[in-house]
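Student:
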Amino acid sequence: MQRMRIDLEGVPLKNSQGRVMCLFRFRTTEGLVLAIPESVDVTVAWSAIKQAVLDLATGQIKICFHSDAVTRPRWLGEVDTVEGEWTDRQILSEPPNQK
11 MQRMRIDLEG
21 VPLKNSQGRV
31 MCLFRFRTTE
41 GLVLAIPESV
51 DVTVAWSAIK
61 QAVLDLATGQ
71 IKICFHSDAV
81 TRPRWLGEVD
91 TVEGEWTDRQ
101 ILSEPPNQK
């Protein structure tokens with residue numbers, strides 16, 4: 011069996027009206043890499059991110075951006091927060107390789 015891991019790549023992140031603003035790609039030392047609708051990966055600097063939360067119990071991802079940051083992405087418009095939910099590729103009742 012392939013080793014299980016939390017895989018957040020491709021999770022759609024939506025604004026409060028439910029519109030997909032971007033897809034989560036990666037976390038780097040420079041910031042978060044997000045894919046915007048034009049199929050372009052952009053790195054949002056940590057200085058533009060107010061809060062990034064991953065709730066392991068619910069699977070919720072929430073990213074809040076500083077509203078006045080110079081590095082704030084223009085494509086966000088008025089949006090200050092995007093949220094999404096990751097789903098596991100397999101539902102586990104116990105750790106893998108325990109059967």
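Final position of the sequence shown in the numbering used here is 109; the numbers increase by one with none missing.
C-beta: ideal position from N, C-alpha, C; glycine also.
Just so we're clear, the structure is a prediction, and the values are computed from it rather than from any experiment.
What residue ranges within the stretch 28 to 94 form continuous beta strand (DSSP E) runs of no fewer than 3 residues, ordered along the chain?
Tutor: Scanning the stretch 28 to 94 from its first residue to its last, the whole beta strand (DSSP E) runs of 3-plus residues come out as 30 to 37, 41 to 46, 50 to 55, 59 to 65 and 70 to 75.
Student: Measuring CA to CA, which of E19, L18, C32 and W56 is closest to A142?
Tutor: The question about residue 142 has no answer here: the residues shown for the chain are numbered 11 through 109.
Student: Measuring straight from C-alpha to C-alpha, what distance separates T81 and T53?
Tutor: 10 angstroms
Student: Which of the three DSSP states, helix, strand or coil, is assigned to L23?
Tutor: strand
Student: Among A58, D51, E104 and G87, which residue has its Cα nearest to the Cα of F34?
Tutor: Closest by C-alpha distance to F34, out of A58, D51, E104 and G87, is D51.
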